[in-house]
Every structure is written in C-alpha cells, then in structure tokens.
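Residue numbers (our numbering), protein chains in the order written: chain B, 410 to 600; chain C, 43 to 125.
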C-alpha cells in the first residue's frame, strides 16, 4: 500500500493530475470522517475535506516522503478543522447576561417549549449523542481522542500530525477521556 | 467522586493505554469488584471508546472525488515551440 501511494505521489509531483484521483479515492472516507467528527456537521466536513485535498495537491512539492503520506494529509485536515472551529467560536454564551434586562441570561430567553439546539441536531440520523459529547471536548483533546480511537493511529503518528511530543499526546488523550467521562456522567444523571 | 483512591484513576489510564503490567491490571480489576464508582466509570469509558471505534460507516458523499478533481488548478500547459 505504501509503495502504491509513494508511486502515485511521484506521478502527481511530475504533474500527472489523474494520479491524484487515486489519492483522493484512497483517503476521502478517512479525511471526510475526521473532518465530520471534528466540526460536527456534514456540509462543513465536505467543504473542509475538499479543501484538504486541494491544499495537498497545491503543496505536494513540500511533502517529504520520509513521512507517511497519511500523516501529512491528516495534518492538513486537522489544521483546517481547528482553524474553522476557532473562527466560529460564539461571541456570546448562554449564561451571559442579556444587556438591559437586569439579570436575565440567554438561558431565560430560550422558550422552554422549543427544543434546545442539541436536541434538534440529535434528531438528525448522522448526529448521534456521541457526536454531541465529542463537540463538548476542547479541540486539542478532541483531536487527540479522534485520531487515537476513530482513526486508530499510533501515538507517534498523532504526535507528528498535532506537532506535539508523544508524552503530550498521551496527556491529551487522558484529559480527553476524563472530559468524556464527566460529560457522560452528567448525561446519565439528567435522565 | 466517591472513590478516594485517585491512584486508580492513574491505573485506569494505564489499563486503557495498554501500558499496565499483568499485575497492575489484576490489581485494577480487583478494585473494580469492590468499587462501584470506578466500575461505572470504567464501563462508561470502554463503551464510549468502543462506540468511537465503530465509526467506519461514515463515508465521503457521492461525487466527492469528482468535485475535488474539478477544482484542481488546470494542468500546467506544456509550451511547445512551433518551428
């Protein structure tokens, strides 16, 4: 497999666009899935996954074949997802006071009849409860947990993708698990 | 958290990482028999992590490859000198 990929990369570097089609076919499901889990919705995941491949194509000359191609492309995808997440951080929070309302928070502005945003999305088939919990994890823990458990990558690969040392990867996986545990405990208690 | 033995938190991480020795693993599982809190936590985590591992059904949408290929910059034109 690695030899096949190396061969395709060489062809692409020579300017053979068709060879790139093979690369897209090989990695599209993994990259799309990773983006989907990172940002939590299909449209954005598709957009980010496409952008990942376009960037890979444009920068193929910078790819160093001493590293696994999958590590390189996962790194592009992860960085794009994190950029996107940072850009769309809400500039208000539900428990923030609504100006001029003397103590009313955004929570009280939500009608109790209306389903909460999370409840609406869980009705979507692809948006299961687990995804909702993943979205609550801070992005650095989320990335480590997804790469380890969904993509089944080694600590060394995750370290290269996230550009952090292996012991830090371990810590983030531990903290990510701790956070998942806490979130699930709250879910169980409210049932 | 009812279990005061935070040492088991560390051990749980070791077990989940696959870094625990046989003895440590045995020690941890013995503790789970007596401690409901740790047992629930451990089960919750293993179920969650297993569920995460079963995500391979998510696939890129139809037409994905074609859409990417259509967006690639045009192939470098080979300039041929006419003589």
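A virtual CB, placed ideally from N, CA and C, is assigned to each residue, including glycine.
CA-to-CA distance, residue j to residue i, given in whole angstroms
i: residue 62 (chain C); j: residue 88 (chain C); result: 16 angstroms
i: residue 549 (chain B); j: residue 480 (chain B); result: 17 angstroms
i: residue 79 (chain C); j: residue 48 (chain C); result: 12 angstroms
i: residue 580 (chain B); j: residue 541 (chain B); result: 23 angstroms
i: residue 601 (chain B); j: residue 53 (chain C); result: Residue coverage of chain B in this structure runs from 410 to 600, which leaves residue 601 (chain B) outside it and unanswerable.
i: residue 524 (chain B); j: residue 442 (chain B); result: In this prediction, residue 524 (chain B) scores a pLDDT of 48, lower than 50, which makes its location untrustworthy; the coordinate-derived value is nonetheless stated afterwards. Taking the straight line joining both Cα atoms gives about 27 angstroms.
i: residue 90 (chain C); j: residue 424 (chain B); result: 44 angstroms
i: residue 449 (chain B); j: residue 544 (chain B); result: 7 angstroms
i: residue 75 (chain C); j: residue 56 (chain C); result: 18 angstroms
i: residue 65 (chain C); j: residue 489 (chain B); result: 43 angstroms
i: residue 571 (chain B); j: residue 68 (chain C); result: 34 angstroms
i: residue 60 (chain C); j: residue 447 (chain B); result: 25 angstroms
i: residue 493 (chain B); j: residue 73 (chain C); result: 43 angstroms
i: residue 109 (chain C); j: residue 459 (chain B); result: 8 angstroms
i: residue 81 (chain C); j: residue 563 (chain B); result: 27 angstroms
i: residue 444 (chain B); j: residue 77 (chain C); result: 38 angstroms
i: residue 411 (chain B); j: residue 474 (chain B); result: 10 angstroms
i: residue 487 (chain B); j: residue 495 (chain B); result: 12 angstroms
i: residue 415 (chain B); j: residue 422 (chain B); result: 11 angstroms
i: residue 413 (chain B); j: residue 491 (chain B); result: 30 angstroms
i: residue 582 (chain B); j: residue 92 (chain C); result: 15 angstroms
i: residue 457 (chain B); j: residue 111 (chain C); result: 15 angstroms
i: residue 452 (chain B); j: residue 99 (chain C); result: 17 angstroms
i: residue 467 (chain B); j: residue 84 (chain C); result: 45 angstroms
i: residue 497 (chain B); j: residue 431 (chain B); result: 33 angstroms
i: residue 105 (chain C); j: residue 454 (chain B); result: 14 angstroms
i: residue 116 (chain C); j: residue 569 (chain B); result: 32 angstroms
i: residue 70 (chain C); j: residue 107 (chain C); result: 48 angstroms
i: residue 50 (chain C); j: residue 470 (chain B); result: 49 angstroms
Pair within 7 angstroms by beta-carbon distance, residue i and residue j
i: residue 485 (chain B); j: residue 464 (chain B); result: yes
i: residue 482 (chain B); j: residue 436 (chain B); result: yes
i: residue 478 (chain B); j: residue 433 (chain B); result: no
i: residue 96 (chain C); j: residue 559 (chain B); result: no
i: residue 438 (chain B); j: residue 102 (chain C); result: yes
i: residue 426 (chain B); j: residue 114 (chain C); result: yes
i: residue 546 (chain B); j: residue 585 (chain B); result: yes
i: residue 592 (chain B); j: residue 553 (chain B); result: no
8 angstroms contact criterion, which residue i and residue j should meet: CB distance rounded
i: residue 565 (chain B); j: residue 575 (chain B); result: 6 angstroms
i: residue 86 (chain C); j: residue 590 (chain B); result: 6 angstroms
i: residue 573 (chain B); j: residue 556 (chain B); result: At roughly 12 angstroms, the Cβ-Cβ gap does not stay under 8 angstroms, so residue 573 (chain B) and residue 556 (chain B) are not in contact.
i: residue 472 (chain B); j: residue 418 (chain B); result: 7 angstroms
Any C-beta of chain D under 7 angstroms from that of residue i
i: residue 56 (chain C); result: Going by chain labels, chain D is absent from the structure shown, which instead holds the protein chains B and C.
Residue i Cβ short of 6 angstroms to the ligand NAP heavy atom set
i: residue 435 (chain B); result: For the ligand NAP, the structure offers nothing, since it holds no ligand at all.
Handout entry: Contact list for the stretch 69–90 of chain C against chain B, Cβ threshold 7 angstroms
Key = Cβ contacts with chain B come from 83, 86, 87, 90.
Problem - Residues of the stretch 448–479 of chain B with Cβ closer than 8 angstroms to any Cβ of chain C, in chain order - result: Within the stretch 448–479 of chain B, the qualifying residues are 451, 455, 458, 459, 462, 463, 466, 467.
Practice task
With 8 angstroms as the limit, tell me which residues of the stretch 552–563 of chain B have their beta carbon closer than that to any beta carbon of chain C; keep them in chain order.
Solution key: Closer than 8 angstroms at the C-beta level to chain C, one finds these residues of the stretch 552–563 of chain B: 554, 555, 558, 559, 561.
Practice task
Check each residue of the stretch 415–443 of chain B: if its Cβ is closer than 8 angstroms to any Cβ of chain C, include it; give the result in chain order.
Solution key: Cβ proximity to chain C below 8 angstroms picks out 424, 426, 429, 430, 433, 434, 437, 438, 440, 441, 442 from the stretch 415–443 of chain B.
Handout entry: Within 8 angstroms of chain C by C-beta, residues of the stretch 564–584 of chain B in sequence order
Key = From the stretch 564–584 of chain B, only 579, 582, 583 have a Cβ closer than 8 angstroms to chain C.
Handout entry: Positions along the stretch 100–113 of chain C whose CB lies within less than 8 angstroms of some CB in chain B
Key = Flagged, chain order: 100, 101, 102, 103, 106, 107, 109, 110, 111, 113.
Exercise for the section: Determine which residues of the stretch 481–498 of chain B have a Cβ less than 7 angstroms from any Cβ of chain C, and write them out in chain order. Expected result: Of all residues in the stretch 481–498 of chain B, none places a beta-carbon less than 7 angstroms from a beta-carbon of chain C.
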